[in-house]
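Start counting the sequence shown at 25; every next residue gets the next number (the numbering used here). From the three backbone atoms N, C-alpha and C, an ideal C-beta is built for every residue, glycine too. Following: one structure in structure tokens, then a few remarks.
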Amino acid sequence: MTASLSLSFATGLYGISFGALALAAGLNTWQAMVLSLLMFTGGSQFAFIGVLATGGTGAAATGSAVLLFTRNAIYGAQMNLRVRPSARSTLLAAHVTIDESAGLATLQDSPDQQRTAFWWTGIGVFVCWNAFTFVGTQLGERVDPQAWGLDGAAVAAFVALLWPRIKNRDHAAVAVLGAFVTLMLIPAVPAGVPIILAAAVSAAAGWALASKHESRNAGNAS
């Protein structure tokens, strides 16, 4: 519980950045709060307002947000087996299935500890994130996000999510490829589109590398 609450507070602090940046992107306080209450997945929220802030369309913003949200579906399948939510709590469990709740639950040994970590972290982050989003919207009216470095918070958060997952050369190669494609496309296509196309290229590259290793392993076995 202590780890869950500590993680909830630390993660919730990112909500200040989101609230301030949402106002800078042209949203009002209530629109920012609705995004945090209903979308409630930080990466997707930052992607959404990031596209809007750079002049992207609503469709491009939504596409970027949905693309990043797909990882939560994978978490959901894993947490459904570990947490075993009741019929009444299934929708709530789905809503609070995020990086932090899934990650901390996975680290636990016993089923009881997994359920405790999942629920305390998921609900804790939800409460803290929304509270700090409101704080951010109030500060956003008085603080320049660029002067405070808040415009870099989303990038830092994405790097923090990605870095632990780069465990070998193949992972690093795919990450570099995705970054390269994104940088090359930024001047050429509308805002929000580069990340979608880069993700498609990265997925194809990852699939090709995985297939290559499987073929090599099959050849060695034969």
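Pairing VAL225 with GLY202 gives a Cβ-Cβ distance under 9 Å.
Straight through space, the alpha carbons of ALA111 and ARG95 are spaced by roughly 23 Å. It is roughly 33 Å from the alpha-carbon of TRP187 to the alpha-carbon of SER113. In this structure, the beta-carbon distance from THR35 to VAL149 falls below 9 Å. Within 10 angstroms of the beta-carbon of SER41 lie 16 or more other beta-carbons, which makes it buried. Measuring C-alpha to C-alpha distances from TRP231 to each of ALA197, LEU207, PHE72 and VAL107 identifies ALA197 as the nearest.
Look at ARG112 here: in three-state DSSP terms it is coil, with no helix or strand label.
Taking 8 Å as the upper bound for CB-CB distance, ALA77 and ALA49 are in contact here, some 4 Å apart. The C-beta distance from THR161 to LEU47 rounds to 6 Å, short enough to meet the 8 Å contact threshold. For the options GLN55, SER60 and LEU51, the alpha carbon positioned closest to that of TYR38 is the one of SER60. Here DSSP, grouped into helix, strand and coil, assigns PHE64 to coil.
Bounds of the alpha helix (DSSP H) holding GLN138 are 135 to 164. Cβ-Cβ separation between VAL120 and GLY146: approximately 3 Å, consistent with a contact (criterion under 8 Å).
DSSP, read as helix, strand or coil, puts THR121 in coil.
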